[in-house]
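Accompanying notes for the structure given below.
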Amino acid sequence: MAAKKAGTRARSTTPRKPRRKKAEPRSRGLSAAEVASEAATPPTELIQGIHQDGGEVLAVYRDPLGAHTVVFAALPIDKVEPTPYQRDLSEPHVKRLVGAMERLDRFLDPVIAIRKDGRYWTPNGNHRLHASKMLGAKAMVALVLPEEDVAYQILALNTEKAHNLKERSLEVIRMHRGLTGSRAGKESAFAHLFEEPAFITLGAAYEKRPRYSAGAYHPFVKRVERFLDLPLEEALREREARADRLLELDDEVTRIVTALKERGLQNPYLKNFVVARINFLRFKKDDSPSEFGPSVARMLASARKFNLDKVNKDDISRMGGAGGAEPDEE
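Note that the sequence shown covers residues 231 to 560 in the numbering used here.
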């Protein structure tokens, strides 16, 4: 009991992130009059580009939070397209939007757009774009931002459809590829865009195996991944190699799951159960870094010597959902 209390005291001393202070009412940004004032500097080149592309500028204003210039414009719908690195389209979501927009007979939610080589990338309006096209629209209204880099950050504001692990991981690896082809710098310099290093590796794994059960591995991968202090191109190659290692591990885990099913053990969380059994990091109480390569190698070794005879239905029932992870997708 004393040891348990001591451990509890030790954990309670772990430093916590400082709580965000509540902002004072009306203490930041612009007033309504300032948003609409002529103080906004018109982005002449962008405005000219919109006109050349067949669009019309409806207004230029400053956003109320950071005073950044925004161009409100009507754009030809055939020149608007999703960014190449965002989530895949959800057909059911598009159909729901089509029904709602058709009933209302209005398009009231402008997309955000970035002008790119005479086209308009929207990082947050893919579903609204496709719904409008299905309804036969000729144009759509957009908040066109002068800064191209914002397209890489705006995904954080995307509330059109909640991310799941697969969508977010694919989004991040596609963003990584886009940056690799157009930017210089180290992967670690773009950490604020990628959010979590595990998403990059899991995204590369999803590209190679669309039905990869990343939910079972995510807690482990989060413990062993860090943003790489390598140039983007080298980092991408390393992520590809790490994805191959995770898929090799998944092959071994799938072999075990198949053998357990053949013994009559049927449970949607079988893969989560097996991964948890071989995950040595779940017994590690501190958050000290663990290296990816050696950690995956140790997991592989445990999988290859997994003892099927030591598994029973009660073990799997007690485990439930492996700490909230999604069941395997296979």
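Think of the CB as a built atom: it goes at the ideal place given N, C-alpha and C, for glycine as much as any other residue. Only a predicted model underlies this, so the values are computations on that prediction, with no experimental measurement involved.
- For Leu327, the uninterrupted alpha helix (DSSP H) run begins and ends at 321-334, by DSSP.
- Boundaries of the alpha helix (DSSP H) harbouring Glu468: 462-492, taken from the DSSP string.
- Here Val301 really is in contact with Val287; their C-beta atoms are around 6 Å apart, less than 8 Å.
- Fully enclosed alpha helix (DSSP H) runs of no fewer than 4 residues occupy 395-412, 421-424 of the region 387-427, in order along the chain.
- Distances from the alpha-carbon of Thr313 to those of Ala297, Tyr350, Arg467 put Tyr350 closest.
- Each of Phe337, Asp481, Ile280, Lys396 was checked against the Cα of Gly445, and the nearest Cα belongs to Lys396.
- Within the model, the alpha-carbon separation for Ala266 versus Tyr291 is close to 6 Å.
- Put simply, of Ile486, Thr352, Asp481 the residue whose alpha carbon is nearest the alpha carbon of Ile384 is Thr352.
- Residue burial is scored here from C-beta neighbours: Phe513 has fewer than 16 other C-beta atoms within 10 angstroms and is therefore classed as exposed.
- Judged by DSSP secondary structure, Val541 falls outside any alpha helix (DSSP H); it is assigned neither H nor E.
- Under the 8 Å Cβ criterion, the region 322-331 counts as touching the region 354-361, having at least three qualifying pairs.
- Leu365 places its beta carbon less than 9 Å from that of Glu332.
- Just measuring C-alpha positions, the residue of Asp516, Asn509, Glu478, Phe457 sitting nearest Tyr442 is Glu478.
- Under the three-state reduction of DSSP, Tyr436 is assigned to helix.
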